[in-house]
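There are 2 protein chains.
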Amino acid sequence: MKPVPYPTIQRFPLYLEVIKQLQIAGIKTISATDIAQNLGFTNIQVRKDIGYTGIIGKPKIGYNIKELEKVITSFLGWQNTNDAILIGVGALGSALLGYKGFEDYGLNIISGFDVNKKIVGKKIHGKTIMHIDDLKSQVKRLKVSIGILTVNQSSAQQVTDLMVKAGIRGIWNFSSENLKVPNDIVVQRENLSASLALLSVKLSHKFKTKQ
Amino acid sequence: MKPVPYPTIQRFPLYLEVIKQLQIAGIKTISATDIAQNLGFTNIQVRKDIGYTGIIGKPKIGYNIKELEKVITSFLGWQNTNDAILIGVGALGSALLGYKGFEDYGLNIISGFDVNKKIVGKKIHGKTIMHIDDLKSQVKRLKVSIGILTVNQSSAQQVTDLMVKAGIRGIWNFSSENLKVPNDIVVQRENLSASLALLSVKLSHKFKTKQ
DNA sequence: TTATGTGAACTAATTCACAGCG
DNA sequence: CGCTGTGAATTAGTTCACATAA
Chain A
652 MKPVPYPTIQ
662 RFPLYLEVIK
672 QLQIAGIKTI
682 SATDIAQNLG
692 FTNIQVRKDI
702 GYTGIIGKPK
712 IGYNIKELEK
722 VITSFLGWQN
732 TNDAILIGVG
742 ALGSALLGYK
752 GFEDYGLNII
762 SGFDVNKKIV
772 GKKIHGKTIM
782 HIDDLKSQVK
792 RLKVSIGILT
802 VNQSSAQQVT
812 DLMVKAGIRG
822 IWNFSSENLK
832 VPNDIVVQRE
842 NLSASLALLS
852 VKLSHKFKTK
862 Q
Chain B
652 MKPVPYPTIQ
662 RFPLYLEVIK
672 QLQIAGIKTI
682 SATDIAQNLG
692 FTNIQVRKDI
702 GYTGIIGKPK
712 IGYNIKELEK
722 VITSFLGWQN
732 TNDAILIGVG
742 ALGSALLGYK
752 GFEDYGLNII
762 SGFDVNKKIV
772 GKKIHGKTIM
782 HIDDLKSQVK
792 RLKVSIGILT
802 VNQSSAQQVT
812 DLMVKAGIRG
822 IWNFSSENLK
832 VPNDIVVQRE
842 NLSASLALLS
852 VKLSHKFKTK
862 Q
């Protein structure tokens, strides 16, 4: 099987959103053109992306929408809910704890961790906040493999080491620290400044439109 | 002048962060290798990226750190603070209002807008929340050109139309709606699900490491 | 005709290779 | 040497072109 390009993987969640919207509208089949128009992409790109999932569409008709949703969801590993914990319950962390959208991505944040005694033991957006000293025991107990890191840069590496020791295998890093982890741990950096940079540069007319 | 690749633009903020850290440590010159090691990139990539700014480095020594900061900052248009407003003061919107990191990106969120009467008139993280009916007059008065959109998908297009009418030129879109705007308006979509998708797929072993 | 599916052509981005300088 | 600067080679991703099917 050919390797799936990273940009394709990143577009899949957008396709899922369109699929969900159209499903709500009662639509049963969907073409690459439908998705493309909805998102402002070309139909060729969408078609090629969908091709990587191996789904077979019907010429003139398109894809069975239910089936397409299934193959993309399962490609992303979102068919079952993945439990996650979040470390660093500041402004951003609290927001993510309350963010409903993650359900669509198969992500379920079970609880938050922090060192701040004012919030430990409380609930934020319905999620219990525990002390970071309990991280290891809770990760073991809850069998969580994903950690969302929303501490500030200065404690990011230290907290990461704790997460790794606790058995976390994937880290979604919202801090700006370049985390050092063992080879078998996956880190995904979320870089808000990257898209702000694009917006700024586009606004300054240095570029044509697109992307 | 050659066009600067988008990925390069997206890496620039990361370089700036390393530069700032090393400046605090009192360092006066910095090489592409220094930055690369700090971020886990190759020195060739960093060197090529820096090359796009036109800065002249000294072989064996590297770049003057102050000067490098300046050329990257100015390339991104971050040398002066850009004022922005934020629309949709829910969980995510509130978090962004309180997010200190934006200062480094030359972004200053002046105020928030919402329709919720419970918060209109109040201050959140020191920023006044106004009613969306006042959007147009405030945008004119404050001469803001950037709008941060953190409403939910169902109202995203409607609010966008209001922003465009009010004179906003660049929209940072945190909703999952594909916004329709006139040609001269720049929209940058922030897609959290994209990096979660990468994390998920990497975790499911479908891929080797990297990126 | 309208859609899929796919090899081929093209474009973008990364990485290599090496000249030149302190 | 260690580092910059840059054209060339390579790899990755997108877009084209067209065969095929309902």
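Just so you know, the sequences run in chain order A and B.
Using the working numbering, the first residue of the first sequence is number 652, and each one after it goes up by one.
Using the working numbering, the first residue of the second sequence is number 652, and each one after it goes up by one.
Glycine residues also receive a C-beta, built at the ideal position from the N, C-alpha and C atoms.
Beta-carbon proximity list for residue i, same chain, < 7 angstroms, skipping 5 on both sides
{"i": "residue 690(B)", "result": "665 and 669"}
{"i": "residue 833(B)", "result": "815"}
{"i": "residue 781(A)", "result": "762, 764, 771 and 789"}
{"i": "residue 779(B)", "result": "762"}
CB contact check: residue i to chain A, cutoff 9 angstroms
{"i": "residue 714(B)", "result": "no"}
{"i": "residue 870(B)", "result": "The requested residue 870(B) is not part of the displayed model; chain B covers only 652 to 862."}
{"i": "residue 662(B)", "result": "yes"}
{"i": "residue 776(B)", "result": "yes"}
{"i": "residue 853(B)", "result": "yes"}
{"i": "residue 764(B)", "result": "no"}
{"i": "residue 848(B)", "result": "yes"}
{"i": "residue 829(B)", "result": "yes"}
{"i": "residue 728(B)", "result": "yes"}
{"i": "residue 815(B)", "result": "no"}
{"i": "residue 705(B)", "result": "no"}
{"i": "residue 673(B)", "result": "no"}
{"i": "residue 772(B)", "result": "no"}
Backbone secondary structure at residue i - three-state DSSP
{"i": "residue 694(B)", "result": "helix"}
{"i": "residue 764(B)", "result": "strand"}
{"i": "residue 756(A)", "result": "helix"}
{"i": "residue 709(A)", "result": "strand"}
{"i": "residue 834(A)", "result": "coil"}
{"i": "residue 770(B)", "result": "coil"}
{"i": "residue 714(A)", "result": "strand"}
{"i": "residue 655(A)", "result": "coil"}
Contact with chain B by residue i, beta-carbon distance below 9 angstroms
{"i": "residue 767(A)", "result": "no"}
{"i": "residue 797(A)", "result": "yes"}
{"i": "residue 833(A)", "result": "no"}
{"i": "residue 841(A)", "result": "yes"}
{"i": "residue 668(A)", "result": "yes"}
{"i": "residue 757(A)", "result": "yes"}
{"i": "residue 863(A)", "result": "With chain A covering 652 to 862 only, the question about residue 863(A) has no answer from this structure."}
{"i": "residue 746(A)", "result": "yes"}
{"i": "residue 719(A)", "result": "no"}
{"i": "residue 862(A)", "result": "At residue 862(A) the pLDDT is 42, less than 50, meaning the model places this residue with poor confidence; the figure from the coordinates comes in the next sentence. So, interface residue."}
{"i": "residue 739(A)", "result": "no"}
{"i": "residue 665(A)", "result": "yes"}
{"i": "residue 694(A)", "result": "no"}
{"i": "residue 690(A)", "result": "yes"}
{"i": "residue 702(A)", "result": "no"}
Contacting residues, own chain, Cβ-Cβ under 8 angstroms from residue i (five flanking each side not counted)
{"i": "residue 837(A)", "result": "820, 821 and 822"}
{"i": "residue 810(A)", "result": "738, 739, 783, 800 and 802"}
{"i": "residue 674(A)", "result": "716, 717 and 720"}
{"i": "residue 859(B)", "result": "With a pLDDT of 46 at residue 859(B), under the threshold of 50, the modelled position of that residue is not reliable, and the figure given next carries that caveat. The answer is none, since no qualifying residue turns up."}
{"i": "residue 872(B)", "result": "No answer is possible for residue 872(B): the residues shown for chain B start at 652 and end at 862."}
{"i": "residue 791(B)", "result": "817 and 818"}
Counted within 10 angstroms of its Cβ, other Cβ atoms place residue i as buried (16 or more) or exposed
{"i": "residue 824(B)", "result": "buried"}
{"i": "residue 736(A)", "result": "buried"}
{"i": "residue 848(B)", "result": "buried"}
{"i": "residue 840(B)", "result": "buried"}
{"i": "residue 676(B)", "result": "exposed"}
{"i": "residue 797(B)", "result": "buried"}
{"i": "residue 744(A)", "result": "buried"}
{"i": "residue 777(A)", "result": "exposed"}
{"i": "residue 768(A)", "result": "exposed"}
{"i": "residue 861(B)", "result": "The predicted position of residue 861(B) is uncertain, since its pLDDT is 43 and thus under 50; no value can be drawn from it."}
{"i": "residue 812(B)", "result": "exposed"}
{"i": "residue 685(A)", "result": "buried"}
The alpha helix (DSSP H) enclosing residue i, as first and last residue numbers
{"i": "residue 801(B)", "result": "Where residue 801(B) is concerned, there is no enclosing alpha helix (DSSP H), given that its DSSP letter is neither H nor E."}
{"i": "residue 679(B)", "result": "That residue, residue 679(B), is in no alpha helix (DSSP H); it is neither H nor E in DSSP."}
{"i": "residue 828(A)", "result": "It is not in any alpha helix (DSSP H) - residue 828(A) carries neither H nor E in the DSSP assignment."}
{"i": "residue 789(A)", "result": "786-793"}
{"i": "residue 796(A)", "result": "Neither: residue 796(A) is in no alpha helix (DSSP H) and is coded neither H nor E."}
Neighbourhood of residue i by C-beta, 6 angstroms cutoff - its chain only, sequence neighbours within 5 removed
{"i": "residue 807(A)", "result": "826 and 828"}
{"i": "residue 734(A)", "result": "759, 761 and 795"}
{"i": "residue 708(B)", "result": "714"}
N- and C-terminal bounds of the beta strand (DSSP E) containing residue i
{"i": "residue 738(B)", "result": "733-738"}
{"i": "residue 837(B)", "result": "837-840"}
{"i": "residue 821(B)", "result": "821-824"}
{"i": "residue 778(B)", "result": "778-782"}
beta-carbon residue i near the ligand MN non-hydrogen atom, thresh 8 angstroms
{"i": "residue 785(B)", "result": "Looking at this structure, you won't find the ligand MN or any other ligand, since it has none at all."}
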